[in-house]
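Read through the structure below, which is laid out as structure tokens, and then see the notes.
In full-length UniProt numbering, the protein residues as written are 1 to 454.
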């Protein structure tokens, strides 16, 4: 879908019990990195289970524009990479659409190349600050030749002839910033060091090691991680099976918990400990979620999840859990709407700089649909109504999604257990991360439909 497409509203209604077995699309973080590292490595990389959402395809297109050969054969993506240090200057601006992860990581990857690269995106991405990635790159010698005010897109980077390795302490819990600096270090002579006081998702470290990068991690006595990468080494193509995305699994998971009589199984979900905050929180709330057939595939923990309707109770979610579930707070807030008592979420400042100001968007949408909630600077408290009595705003009052796929999907889940329907103003952008969402949910029995203009 073009990010200029006309809005496509959607509505969800109180649903009959959900049942069935599903597989959610491949993990978005691993899919982005598979295209990037495969495109950079020498030799051939083969990928199955890749998330074929719009965001990931933008990353693939960027790597092709810089010399990688990427083709799909049946269910498998085959990449012949350029070799580390051998990316080509793209002839046109790299258009990342709505892809924050793809754009920020690629800025790190290309920043230390002796070439000019321009980054553009849609209205949502162009409103998001890039300074957190550009600041360490500037320390390595990267010039920002042009940028919209506030270090925003469109922006043009000019790499140095010889980048300087740095030691960089990440000022906020951000896997994107950590990863951007490590990727910049790939093309930089010497050792680049990232110091990470709060651990975030570690796919970059694991996958770079798998591709052959000389990368090591040390954790000091205070739990602070020191990540070292030696630049200008060789990366070699790999075979990758991408597990199911736990962030995408959150939507059917919460739906099954809140719709009475539901019993579903979600197969092959990534269980990396840096990504399981939502699961832990829902289990604390009383969610009946059984972890079945835990196993290790390709260096990552995966499992199947059986989820049944549950009587949820409010909890306090500590701030240190935020990095392991930062994308799942919108759907957690929906679960909290149907829980007994108050759910208090702390440490949410990172939500202010996602596809939208997610914290404000969630709070506004909840209030529109009759939920008693309070938005703080970095907190959200939700006082639930077991059974959903009085919740929902009907077809005439639509939640503003702000071009944010997770806002759209979260509120469509809410309508499945609310007394009245829940409407969102646009469902188009769901294709960026979860193209199968509508079909998968209706296949389980969910009452969701788009509203076509007459």
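From the three backbone atoms N, C-alpha and C, an ideal C-beta is built for every residue, glycine too.
Report task. Ignoring anything shorter than 4 residues or poking outside the stretch 261–348, list the alpha helix (DSSP H) runs there in chain order. Result -> Positions of the alpha helix (DSSP H) runs, each at least 4 residues long and wholly inside the stretch 261–348, are given as 277–284, 329–337 in order along the chain.
- Alpha-carbon to alpha-carbon, residue 17 and residue 412: Rounded to whole angstroms, residue 412 to residue 17 spans 16 angstroms at the Cα level.
Practice task
With residue 405 as the anchor, note down where its alpha helix (DSSP H) starts and where it stops.
Solution key: Residue 405 -> alpha helix (DSSP H) spans 405–414.
* **Environment of residue 178 [buried if 16+ CB atoms lie within 10 Å]** => Using a 10 angstroms sphere on the CB of residue 178, the tally of other CB atoms reaches 16 or more, which defines it as buried.
field: residue 429 versus residue 168 - alpha carbon distance
entry: Approximately 34 angstroms between the Cα atoms of the pair.
- Measuring alpha carbon to alpha carbon, tell me which of 292, 420, 191, 59 ends up nearest residue 232. The shortest C-alpha separation from residue 232 is found at 191.
For residue 218, does the three-state DSSP call read helix, strand or coil? Three-state DSSP puts residue 218 in a strand.
- Would you report the Cα separation of residue 366 and residue 40, rounded to the nearest angstrom? About 43 angstroms.
Next on the checklist: Is the beta carbon of residue 242 closer than 7 angstroms to that of residue 49?
Outcome noted: Yes, Cβ-Cβ distance for residue 49 and residue 242 is below 7 angstroms.
Per the DSSP calculation, residue 194 is bridged to which residue(s)? Answer is 168, 227, bridged to residue 194.
Margin query: Check this for me: beta carbons of residue 25 and residue 245, under 7 angstroms apart or not?
Written below: Taking 7 angstroms as the Cβ cut-off, residue 25 and residue 245 qualify as a contacting pair.
Q.
Quick check on the burial criterion: 16 or more other C-beta atoms within 10 angstroms. Buried or exposed for residue 432?
A. Counting Cβ neighbours within 10 Å, residue 432 comes out buried, since at least 16 surround it.
Next item on the list: Enumerate in chain order the residues of its own chain whose CB-to-CB distance from residue 377 is below 8 angstroms, with the five nearest sequence positions on each side excluded.
Entry: Same-chain partners within the cutoff: 349.
>> Extract the residue ranges of the beta strand (DSSP E) inside the stretch 20–70, only unbroken runs of 3 or more that lie entirely within it.
In response: The stretch 20–70 contains, as complete beta strand (DSSP E) runs of 3+ residues, the segments 44–48 (chain order).
Using the DSSP secondary-structure output, state which residues sit across from residue 244 in a beta bridge.
Answer is 26, 269, bridged to residue 244.
With burial defined as no fewer than 16 other Cβ atoms inside 10 Å of the residue's Cβ, what is the status of residue 296: buried or exposed? By the 10 Å Cβ count, residue 296 comes out exposed.
### Query
Applying the criterion that 16 or more other CB atoms from any shown protein chain within 10 Å of the CB defines a buried residue, is residue 172 buried or exposed?
It is exposed - the Cβ of residue 172 has fewer than 16 other Cβ atoms within 10 Å.
Next on the checklist: I'd like to check one pair, residue 45 with residue 176: are the Cβ atoms closer than 7 angstroms?
Outcome noted: For residue 176 and residue 45, no; Cβs fall outside 7 angstroms.
Can you have a look at residue 76 and say buried or exposed, based on whether 16 or more other CB atoms are within 10 angstroms of its CB? Label assigned to residue 76: exposed.
Across which residues does DSSP place residue 177 in a beta bridge pair? Bridge partners of residue 177: none, in fact.
Can the beta-carbon of residue 422 be found closer than 7 angstroms to that of residue 369? With a cutoff of 7 angstroms on beta-carbon distance, residue 422 and residue 369 are scored as near each other.
**OP:** Locate the beta strand (DSSP E) running through residue 12, then write down its first and last residues.
**Re:** Residue range 10–13 is occupied by the beta strand (DSSP E) that includes residue 12.
If we ignore side chains and look at the alpha-carbon of each, how far apart do residue 332 and residue 279 end up?
-> Here the alpha carbons of residue 279 and residue 332 stand approximately 10 angstroms from one another.
- prompt: Ordered along the chain, which non-local residues of its own chain (more than five positions away) have a Cβ less than 7 angstroms from that of residue 129?
  reply: These residues qualify, in order along the chain: 150, 151, 152, 353.
*Which of helix, strand or coil does DSSP assign to residue 254?*
In this structure, residue 254 counts as helix in the three-state DSSP scheme.
How is the beta strand (DSSP E) around residue 209 delimited, first residue to last?
That residue, residue 209, is in no beta strand (DSSP E); its alpha helix (DSSP H) goes 203–210.
Self-check item: Anticipated Cβ contact below 8 angstroms, residue 140 with residue 112, distance rounded
Solution: About 6 angstroms separates the beta carbon of residue 140 from that of residue 112, a gap short enough to meet the 8 angstroms contact definition.
With residue 341 and residue 311 assumed to form a contact (beta carbons below 8 angstroms), what rounded beta-carbon distance in angstroms separates them?
Here residue 341 is actually not in contact with residue 311; their C-beta atoms are around 11 angstroms apart, not less than 8 angstroms.
Bridge partners of residue 82, per DSSP?
-> Paired residue(s): none; residue 82 is not in a bridge.
Limits of the unbroken beta strand (DSSP E) element including residue 437: Here residue 437 belongs to no beta strand (DSSP E); instead the alpha helix (DSSP H) covers 437–444.
Practice task
Look at the alpha carbon of residue 47 and the alpha carbon of residue 78, and state the distance between them as a whole number of angstroms.
Solution key: If I take the Cα positions, the gap works out to 7 angstroms.
| query | Anyone know if the C-beta pair for residue 29 and residue 56 falls short of 7 angstroms? | reply | Contact: no.
_Less than 7 angstroms between the beta carbons of residue 217 and residue 205, yes or no?_
Yes, the Cβ-Cβ distance between residue 217 and residue 205 is below 7 angstroms.
- Query: Between residue 339 and residue 314, is the Cβ-Cβ spacing less than 7 angstroms?
  - Reply: Yes; because the gap between Cβ atoms is below 7 angstroms, this pair is in contact.
Any C-beta of chain C sitting closer than 7 angstroms to the C-beta of residue 197?
Given the protein chain composition of this structure (a single chain), no chain C is represented.
Taking the straight line between their C-alpha atoms, what separation do you get for residue 282 and residue 174?
One alpha carbon belongs to residue 282, the other to residue 174, and they sit about 23 angstroms apart.
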